[in-house]
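So the sequences go chain by chain: A and B.
For the first sequence, our numbering begins at 3 and goes up steadily by one.
For the second sequence, our numbering begins at 33 and goes up steadily by one.
Ideal Cβ positions, reconstructed from N, Cα and C, are used throughout, including at glycine.
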Amino acid sequence: MNKRLAQLNVYFKKNFRLFMNQRNWKFIVIAAVISFLVCAIVGKNMYNTFEDTQSGFFAIISAAIWVGIFNSIQRICKEHNTIAAEYRSGLHISSYIMSHVLFDFFVCLCQAILLMVICCAFIDFPSDGTIMAAIPEYFITLLLVIWGADIMGIMISSVSSNPNVAMTAMPFVLILQLVMSGVLFKLEGWSETIANITYSKWGMSALGSTADLNNGNELPSRISALDPMFAGFKREMIDMYEHEAGTLLAAWGMIALISVVCIVVSILSLKFRNRNS
Amino acid sequence: MDNKTVYYRPLPPKPATLLVLEPNDGIRVVTLEGDMKMGRDVQGSMCDIKLRSGIVSRDHGDFIFADGSYHYRDNNSLNGTYYNGIKLESINERGTRAVRLQDGDVLRIDRKKLDEPHPEAVVAIFSTSFGKDEKWNRCYLRGQNMVPIGRNTGYGISLTDFMASRNHATLMLTPEGRWKIVDNGSTNGVAVNKEAIVGERLLSPFDVIRIANTTLIFLEDEVIYNTVQSRPQHFDDSSRQVIMNVNIQKATTSGIFKKRDLLRDIRLDVENGDLILILGGSGAGKTTFINALRGKISQSGVRSTGQVLFGGMDLYKNFKMLKNKVGLVPQFPTTRDEDTVYHTVHDMATSMLAGDYTPQEIQMRIKDVFDRLMLNSLRDRFIKNLSGGQKKRAEVALGSVLDQEVFILDEPDSGMDFATRVDLMKTLKSCTETGEAILVISHAPDDAADLYTKVIVLAKSQRDEVGHLAYYGDVANAYSFFGVNKLSEIVMEINYEGGKGRADEFIQKFEMTRRG
Numbered sequence: 003m004n005k006r007l008a009q010l011n012v013y014f015k016k017n018f019r020l021f022m023n024q025r026n027w028k029f030i031v032i033a034a035v036i037s038f039l040v041c042a043i044v045g046k047n048m049y050n051t052f053e054d055t056q057s058g059f060f061a062i063i064s065a066a067i068w069v070g071i072f073n074s075i076q077r078i079c080k081e082h083n084t085i086a087a088e089y090r091s092g093l094h095i096s097s098y099i100m101s102h103v104l105f106d107f108f109v110c111l112c113q114a115i116l117l118m119v120i121c122c123a124f125i126d127f128p129s130d131g132t133i134m135a136a137i138p139e140y141f142i143t144l145l146l147v148i149w150g151a152d153i154m155g156i157m158i159s160s161v162s163s164n165p166n167v168a169m170t171a172m173p174f175v176l177i178l179q180l181v182m183s184g185v186l187f188k189l190e191g192w193s194e195t196i197a198n199i200t201y202s203k204w205g206m207s208a209l210g211s212t213a214d215l216n217n218g219n220e221l222p223s224r225i226s227a228l229d230p231m232f233a234g235f236k237r238e239m240i241d242m243y244e245h246e247a248g249t250l251l252a253a254w255g256m257i258a259l260i261s262v263v264c265i266v267v268s269i270l271s272l273k274f275r276n277r278n279s
Numbered sequence: 033m034d035n036k037t038v039y040y041r042p043l044p045p046k047p048a049t050l051l052v053l054e055p056n057d058g059i060r061v062v063t064l065e066g067d068m069k070m071g072r073d074v075q076g077s078m079c080d081i082k083l084r085s086g087i088v089s090r091d092h093g094d095f096i097f098a099d100g101s102y103h104y105r106d107n108n109s110l111n112g113t114y115y116n117g118i119k120l121e122s123i124n125e126r127g128t129r130a131v132r133l134q135d136g137d138v139l140r141i142d143r144k145k146l147d148e149p150h151p152e153a154v155v156a157i158f159s160t161s162f163g164k165d166e167k168w169n170r171c172y173l174r175g176q177n178m179v180p181i182g183r184n185t186g187y188g189i190s191l192t193d194f195m196a197s198r199n200h201a202t203l204m205l206t207p208e209g210r211w212k213i214v215d216n217g218s219t220n221g222v223a224v225n226k227e228a229i230v231g232e233r234l235l236s237p238f239d240v241i242r243i244a245n246t247t248l249i250f251l252e253d254e255v256i257y258n259t260v261q262s263r264p265q266h267f268d269d270s271s272r273q274v275i276m277n278v279n280i281q282k283a284t285t286s287g288i289f290k291k292r293d294l295l296r297d298i299r300l301d302v303e304n305g306d307l308i309l310i311l312g313g314s315g316a317g318k319t320t321f322i323n324a325l326r327g328k329i330s331q332s333g334v335r336s337t338g339q340v341l342f343g344g345m346d347l348y349k350n351f352k353m354l355k356n357k358v359g360l361v362p363q364f365p366t367t368r369d370e371d372t373v374y375h376t377v378h379d380m381a382t383s384m385l386a387g388d389y390t391p392q393e394i395q396m397r398i399k400d401v402f403d404r405l406m407l408n409s410l411r412d413r414f415i416k417n418l419s420g421g422q423k424k425r426a427e428v429a430l431g432s433v434l435d436q437e438v439f440i441l442d443e444p445d446s447g448m449d450f451a452t453r454v455d456l457m458k459t460l461k462s463c464t465e466t467g468e469a470i471l472v473i474s475h476a477p478d479d480a481a482d483l484y485t486k487v488i489v490l491a492k493s494q495r496d497e498v499g500h501l502a503y504y505g506d507v508a509n510a511y512s513f514f515g516v517n518k519l520s521e522i523v524m525e526i527n528y529e530g531g532k533g534r535a536d537e538f539i540q541k542f543e544m545t546r547r548g
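Here you go:
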């Protein structure tokens, strides 16, 4: 067997053992609790108006990003000394990082399933999606966002010298993700460019595309729903919510691309850190 | 104390081995014990090493033990001596300059054209790593055009060395009629005449090939190679060999505006089974020293020059091949707390040896290491549940499974009470009984002073503000050398800050003692 693959296999199994021994399954429980809280609050207003639905998706995406980052943000930085010793003995950093990425896929899968099940319990989702039924589309989006955020956590952890630094960086990264989602503020110019490298923007785009947020008939603006005087009010269409396969696939593709960049940065930063080993 | 003469006895000559190859003769293993003469076997010869070849002079050359190592000098013989392929030139009527011999050096008595050896050419390979009972095998090349070399292949050159890959290398006959060695992408590489090769290399007569711990000597129509024995459960003191030669010329901070030496002229040998204490005053360069030993020639703005040799091969030049020979066990464990001892060692072995070793071979290796380091009772314990000493033993096992030979422990006893410190040192001593060498930095050296085989004392000179070797030798001599009753008092003697500030005195005295 190729040595990199063999190391990937060894570290994948090690990650599972440590996951159990360190009781990291509690991250799945925490994800369930957060999902429950978010869905319980936003669930009853979803699919009533555009603003309520968008806010609901924003809360769900925020929860997904938080859950993902929290899975891994302290994982690598607390092992820097161990990695240095193992790197000197012949560890391939790419195998090490990929073992975390692949193992975390299964953790994120569990969290995405929980989040989706809890969402379905509180939210009455429409049946039609963009390219398939809506529920699988929502699930894929949430899985990609949680997993992507997890990979971003791996990257932050790789470049951080210790867990304190990583935990200090975490709120800034989260705030950046929330601000750049395009929900709280209108993004123009440089902020729009930066938003292109956030999971929140593309996560919102995918959910909005599946939910057809631009459909004014199904999802009127809040003002027209509240006041009959504004019944004919036409709100502005938002490109990233276009109910088209291209929009959805582009959003998924961008989430995947950002994740690949995070993986590459993680590998390079650990190689650089251990260049003298 | 100041007016007393202090006698210091340098370390006695260590036995070394000379593997002598003469035409029409078997392989002779000669043990060097101090000064010895080499010459032709004629009636009345006074030589210690007698050679039958007609091209050897009666008093051909001398082996001299000085300054802790063996040297060779050709006594202006008729045909001269080639040292690693270079003829030794005469400098006076007594002979040539004496060359310091290192593991794997080749002395050759031959005519001028080395590619066409004289029928009576003699080759002697100096070694500090061969045992006197080493078993040597022959593989005849005549009539073959390809000979595979690998671990337990059962055909070609089948090595018993665990660190050799299954399909390690191949000897191939070129269309021009010359043999070449090809590295088949092995884990631990191939070295020819102490230099790691990349891909392939043409061979010349008497080239010395190193594959992991096996030495192969190419003799045009045959290859001879040793059988590597597995490490014994208990190491016999008489079979101790030098495994690491250290000759750090200097370690320098490489700032843009100012360069400053941190260490200078550190020369010492480490033998298997050694438990060596490293003592040093503040700023003496202990950290720089251990980094240099590990092959980190360039770290944190410090650059080391010199040599650290394993089996005669330079760690700095062949870092990739030799980096696993020496390892650091830092003050705080680098293992994962929530993993068991077995899984920690197993994962290290599997991930680093995978691809070439079967699971059964890896299990055998782990069993061997666990047996040697008495870890079987701790096998399923979490690392976090081990005592300080047990954790260090687990870390030694981690290196040992990858054939690490030298371990450097940085203050393993800090924060421990007296009883635990003593227990830890006893544990480390037991690790050395299976052949590993351990160097320990400790600030409580007297707890287990009788367990150390040697002491390294580094001291910062006030004259040049550089760390030097102020002593290297056994513990008993250290007391008389420094005129102290405790090892901890040595630091007081040499320290300028809070001590007596006698570093320069001892640096000079040790240097003079070495020179004899």
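Answer with yes or no whether the minimum CB distance from B:D371 to chain A is below 8 Å.
Taking the first residue of the second sequence as position 1, residue 371 of chain B is located at position 339. Yes, B:D371 lies at the interface with chain A (some Cβ there is under 8 Å from its Cβ).
Have a look at B:E54, B:T464, B:Q75 and B:F238 and flag the residue whose alpha-carbon is nearest the alpha-carbon of B:G305.
For this step, residue 305 of chain B is matched to residue 273 along the second sequence. It is B:T464 whose Cα lies nearest to the Cα of B:G305.
Could you give the DSSP three-state label for A:A33: helix, strand or coil?
Taking the first sequence and counting its residues from 1, the one referred to as residue 33 of chain A is at position 31. Helix, per DSSP.
Check the Cβ of B:T366 against every Cβ in chain A and list those closer than 9 Å, keeping chain order.
Within the second sequence, residue 366 of chain B is the residue found at index 334, counting from 1. Those within 9 Å of B:T366 in chain A are E81, N83, T84, I85, A86, A87 and E88.
What three-state label does DSSP hand B:G71 in the structure shown?
By 1-based counting over the second sequence, the position of residue 71 of chain B is 39. DSSP places B:G71 in strand when its eight states are reduced to three.
Does B:S197 get closer than 8 Å to chain A when you measure Cβ to Cβ?
In the second sequence, residue 197 of chain B corresponds to position 165, counting from 1. B:S197 does not count as touching chain A.
Whose C-beta lies closer than 8 Å to the C-beta of B:I587 among residues of the same chain, with five residues either side of it excluded?
As displayed, chain B neither begins before 33 nor continues past 548, which places residue 587 of chain B out of reach and without an answer.
Using a Cβ-Cβ cut-off of less than 9 Å, give me the residues of the segment 216-235 of chain B that come near chain A, in sequence order.
Hits within the stretch, in order: T219.
With 8 Å as the threshold, decide whether the Cβ of B:L294 is near any Cβ in chain A.
As a working note, residue 294 of chain B is residue 262 in the second sequence. By this cut-off, B:L294 is not an interface position.
Please compile the residues from chain A whose C-beta is within a distance smaller than 8 Å of the C-beta of B:M380.
Translated into the one-based positions of the second sequence, residue 380 of chain B becomes position 348. The answer, in chain order, is E88 and S91.
Looking at the strands, I want to know which residues DSSP matches up with B:M345.
Counting from one through the second sequence, the residue named residue 345 of chain B turns up at place 313. Bridge partners of B:M345: B:F342.
I'd like the span of the alpha helix (DSSP H) that includes B:S101, first residue to last.
Position 69 of the second sequence, counting from 1, holds the residue named residue 101 of chain B. No alpha helix (DSSP H) contains B:S101, which is instead part of the beta strand (DSSP E) from S101 to D106.
Check whether chain A comes within 8 Å of B:K423, counting only Cβ atoms and requiring the distance to be less than that.
The residue labelled residue 423 of chain B in the question sits at position 391 within the second sequence. Chain A, which has no Cβ nearer than 8 Å to the Cβ of B:K423, makes this no.
So for B:E551, helix, strand or coil by DSSP?
No answer is possible for residue 551 of chain B: it lies beyond the span of chain B, which begins at 33 and ends at 548.
I'd like to know if B:M384 contacts chain A, where contact means its C-beta is closer than 8 Å to some C-beta of that chain.
As a first step, residue 384 of chain B is located in the second sequence; it is residue number 352 there, counting from the start. It does: the Cβ of B:M384 has a partner Cβ on chain A nearer than 8 Å.
How would you list, in chain order, the residues of chain B whose beta-carbon sits under 7 Å from the beta-carbon of A:R19?
Translated into the one-based positions of the first sequence, residue 19 of chain A becomes position 17. Neighbours of A:R19 on chain B, chain order: D371 and H375.
Are the CB atoms of A:A197 and A:I71 nearer to each other than 8 Å?
Residue numbering aside, residue 197 of chain A sits at position 195 when the first sequence is read from its first letter. Residue numbering aside, residue 71 of chain A sits at position 69 when the first sequence is read from its first letter. No.
Please report the distance separating the alpha-carbon of A:G58 from that of B:Q436.
Locating residue 58 of chain A in the first sequence gives position 56, counting from the first residue. Locating residue 436 of chain B in the second sequence gives position 404, counting from the first residue. Taking the straight line from one Cα to the other gives about 58 Å.
Between B:K604 and chain A, is any beta-carbon pair separated by less than 8 Å?
Outside the displayed range of chain B (33 to 548) lies residue 604 of chain B, so it cannot be described from this structure.
Let me check understanding here. Comparing Cα to Cα, which of B:N509, B:A510, B:V489 and B:Q494 lies closest to B:L501?
Position 469 of the second sequence, counted from the start, is the residue given in the question as residue 501 of chain B. Out of B:N509, B:A510, B:V489 and B:Q494, B:V489 has the C-alpha closest to the C-alpha of B:L501.
A:L180 and A:L144 look like a contact to me (Cβ under 8 Å); what is the Cβ gap, rounded to whole Å?
As a first step, residue 180 of chain A must be located in the first sequence, where it is residue number 178. As a first step, residue 144 of chain A must be located in the first sequence, where it is residue number 142. Contact doesn't hold; Cβ gap of about 17 Å is too wide.
If I measure Cβ to Cβ from B:K423 and keep anything under 8 Å in the same chain, skipping five residues before and after, which residues do I get?
For the purposes of this step, residue 423 of chain B is identified with residue 391 of the second sequence, where counting begins at 1. Around B:K423: P365, T367 and I415.
Report yes or no: is there a C-beta of chain B within less than 8 Å of the C-beta of A:R275?
Within the first sequence, the letter at position 273 stands for residue 275 of chain A. No, A:R275 lies away from the interface with chain B (no Cβ there is under 8 Å from its Cβ).
Check B:N35 in the structure and name its three-state DSSP category.
Locating residue 35 of chain B in the second sequence gives position 3, counting from the first residue. Because B:N35 sits at a pLDDT of 44, beneath the cut-off of 50, its placement in the model cannot be relied upon, and the following sentence gives the value as read from the coordinates. Here B:N35 sits in coil by DSSP.
Using a C-beta cutoff of 8 Å, does B:P362 count as contacting chain A?
If you number the second sequence from 1, residue 362 of chain B lands on position 330. At least one chain A Cβ lies under 8 Å of B:P362.
Contact between the segment 370-390 of chain B and the segment 406-420 of chain B: three or more CB pairs below 8 Å?
They touch, by the three-pair rule.
Let me see if you follow: with CB-CB separation under 8 Å, is A:A2 close to chain B or not?
Coverage of chain A is limited to positions 3 through 279, which leaves residue 2 of chain A absent and any answer about it impossible.
Does the Cβ of A:N216 have 16 or more other Cβ atoms within 10 Å, making it buried, or fewer, making it exposed?
Against the first sequence, residue 216 of chain A aligns to sequence position 214. Buried: at least 16 other Cβ atoms inside 10 Å.
Closest to B:E557 by C-alpha separation, out of B:F194, B:L235 and B:N107, would be which residue?
It is not possible to answer for residue 557 of chain B, since the shown part of chain B is limited to 33 through 548.
Any C-beta of chain A sitting closer than 8 Å to the C-beta of B:K532?
Within the second sequence, residue 532 of chain B is the residue found at index 500, counting from 1. With 8 Å as the cut-off, B:K532 does not count as an interface residue toward chain A.
Going by C-alpha to C-alpha distance, which of B:L205, B:T128 and B:F158 sits closest to B:V179?
On the second sequence, position 147 is the one that residue 179 of chain B refers to. That would be B:L205, whose Cα lies nearest to the Cα of B:V179.
So which of B:D165, B:G100 and B:R140 has the shortest CA-CA distance to B:P55?
Position 23 of the second sequence, counting from 1, holds the residue named residue 55 of chain B. Looking at the Cα atoms, B:R140 is the closest of the given residues.
Locate the alpha helix (DSSP H) running through A:G70, then write down its first and last residues.
For the purposes of this step, residue 70 of chain A is identified with residue 68 of the first sequence, where counting begins at 1. Counting along the chain, the alpha helix (DSSP H) containing A:G70 begins and ends at F52 to S74.
Give a yes or no on whether the C-beta atoms belonging to B:F250 and B:V138 are separated by under 8 Å.
Locating residue 250 of chain B in the second sequence gives position 218, where the first residue counts as 1. Locating residue 138 of chain B in the second sequence gives position 106, where the first residue counts as 1. No, the pair does not count as a contact, with Cβ atoms beyond the cut-off.
Should the segment 197-208 of chain A be regarded as contacting the segment 239-255 of chain A, the criterion being three or more beta carbon pairs within less than 8 Å?
Judged by Cβ distances under 8 Å, the segment 197-208 of chain A makes contact with the segment 239-255 of chain A, as three or more pairs qualify.
In three-state DSSP terms, what is B:S94?
In the second sequence, the residue the question calls residue 94 of chain B occupies position 62. For the sequence presented, residue 94 of chain B should be read as Asp rather than Ser. In this structure, B:D94 counts as strand in the three-state DSSP scheme.
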